[in-house]
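Respectively, the protein sequence lines represent chains U and L.
With the numbering used here, you'll find the first sequence wraps up at 339, consecutive numbering, no jumps.
With the numbering used here, you'll find the second sequence wraps up at 130, consecutive numbering, no jumps.
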Amino acid sequence: MTVSVTELTVTAEDRRVAWLATAAVALSLVDAAIPSPLPGVKPGLANIVTLVVLVRYGWATAVWVSGLRVLAGSLLLGYFLAPGFFLALTGTTLSLATLGLARHLPGRWFGPVSLSILAAFAHIGGQLLLARLWLIPHDGVFLLTPIFAAAALAFGTLNGLIAAKLLAETPVAEPAR
Amino acid sequence: MRHWLFLLRPGDWLVMAGGATLVGISLPLLWQGGFADRAIIRQNGQVFAEADLHSRRDFEVPGPLGMTQIAIEPGRARVVADPGPRQYCVRQGWLARPGEIAICAPNRVSLQIAGRTKAYDSLSY
Numbered sequence: 163m164t165v166s167v168t169e170l171t172v173t174a175e176d177r178r179v180a181w182l183a184t185a186a187v188a189l190s191l192v193d194a195a196i197p198s199p200l201p202g203v204k205p206g207l208a209n210i211v212t213l214v215v216l217v218r219y220g221w222a223t224a225v226w227v228s229g230l231r232v233l234a235g236s237l238l239l240g241y242f243l244a245p246g247f248f249l250a251l252t253g254t255t256l257s258l259a260t261l262g263l264a265r266h267l268p269g270r271w272f273g274p275v276s277l278s279i280l281a282a283f284a285h286i287g288g289q290l291l292l293a294r295l296w297l298i299p300h301d302g303v304f305l306l307t308p309i310f311a312a313a314a315l316a317f318g319t320l321n322g323l324i325a326a327k328l329l330a331e332t333p334v335a336e337p338a339r
Numbered sequence: 006m007r008h009w010l011f012l013l014r015p016g017d018w019l020v021m022a023g024g025a026t027l028v029g030i031s032l033p034l035l036w037q038g039g040f041a042d043r044a045i046i047r048q049n050g051q052v053f054a055e056a057d058l059h060s061r062r063d064f065e066v067p068g069p070l071g072m073t074q075i076a077i078e079p080g081r082a083r084v085v086a087d088p089g090p091r092q093y094c095v096r097q098g099w100l101a102r103p104g105e106i107a108i109c110a111p112n113r114v115s116l117q118i119a120g121r122t123k124a125y126d127s128l129s130y
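Next up, the structure:
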């Protein structure tokens with residue numbers, strides 16, 4: 163066997179990202195299996211992983227895990243580079259940006275639930291904007307805003323609570339950075 | 006329940022209230038199309054009749070194939086019968102939102118719902 167020219171060293175951080183992304187992808191698949199009354203209204207269970215990662219390992223790791231989740235999830239569900247992929251990407255990008263800002267909020271007052279709700283609203287906001295600009299260039303898109311906003315509030319709260327519970331119940335393995 | 010409540014921090018309530026306010030503010034968007042208040046019946050492109058959607062009324066509209074029957078009820082209207090071969094306009098059922106339209110093309114009759122504000126040129130499914 164010829165020795166490979168490029169040597170990739172896998173760090174512990176890489177392994178952690180891979181495992182967490184796998185968990186997130188698995189939750190994306192569960193998400194996709196749940197019937198939805200309206201395209202776009204989804205629990206977004208994978209965001210529980212994003213939240214836990216954000217609080218435990220920091221924003222950069224959360225970006226990696228979310229990015230890999232969108233990529234691998236779209237490949238597995240067969241919508242890679244389809245409109246849904248760009249919607250997911252826009253939503254994720256905006257919610258990660260929001261989380262990047264919101265994590266500086268004082269932790270004593272704002273917990274995972276706040277982060278989750280803010281991210282959920284950023285997510286749906288980004289998707290609506292992309293849909294308006296690109297997919298359905300008509301203001302009619304915004305007629306459904308109340309439904310999406312209500313879903314963001316409900317599922318954001320729920321996911322945030324689950325993430326808070328996970329964070330409260332699992333001991334800190336390593337110090338957060 | 007107590008178990009879960011203790012996971013919430015004071016600011017979380019604030020964010021939840023903010024979110025609920027946003028939902029509340031956006032709620033009127035659902036009705037932005039306005040309420041349906043008139044039905045416009047056209048024959049061959051010309052307005053044949055306009056009816057307020059306040060009371061029950063029936064119309065018979067003559068066309069090249071025969072009579073198209075239209076029923077108006079409070080808040081809604083529909084094509085009851087049409088001599089056309091495919092019956093698309095009949096199968097559309099009740100129209101209740103402004104902009105919705107049922108077109109019986111073979112008989113050249115259309116039934117459209119109008120509101121105070123005209124949000125769409127037409128709506129069909």
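Heads up, the beta-carbon is just placed ideally off N, CA and C, and yes, glycines get one too.
Where residue 210 of chain U is concerned, the enclosing alpha helix (DSSP H) starts and stops at 208-219. Within chain U, the residues 267, 268, 271, 272, 273, 276 have their CB atoms less than 8 angstroms from the CB of residue 16 of chain L, given in chain order. Residue 63 of chain L sits exposed, since fewer than 16 C-beta atoms from the chains shown fall within 10 Å of its C-beta. In this model, residue 72 of chain L and residue 53 of chain L are separated by some 13 angstroms (Cα to Cα). Residue U:208 holds the alpha-carbon nearest to the alpha-carbon of residue 325 of chain U among U:208, U:260, U:230, U:303. Under a 10 Å Cβ-count criterion, residue 112 of chain L is classified as buried, with 16 or more other Cβ atoms of the shown protein chains found around its own Cβ.
In this structure, the alpha-carbon of residue 268 of chain U lies about 25 angstroms from that of residue 28 of chain L. Taking the CA atoms as reference points, residue 97 of chain L sits about 15 angstroms from residue 46 of chain L.
Taking a C-beta cut-off of 7 angstroms against chain U, the contacting residues of the segment 19-32 of chain L are 20, 21, 24, 25, 27, 28, 31, 32, listed in chain order. By the rule that beta-carbons nearer than 7 angstroms mark a contact, residue 261 of chain U does not touch chain L. As DSSP reads the structure, residue 81 of chain L sits in a beta bridge with L:78. Contact of residue 34 of chain L with chain U by beta-carbon distance below 7 angstroms involves 304, 305, 307, 308. Relative to the Cα of residue 212 of chain U, the nearest Cα in the group U:172, U:174, U:223, U:295 belongs to U:223. Checking the DSSP bridge columns, you'll see residue 21 of chain L has no partner listed.
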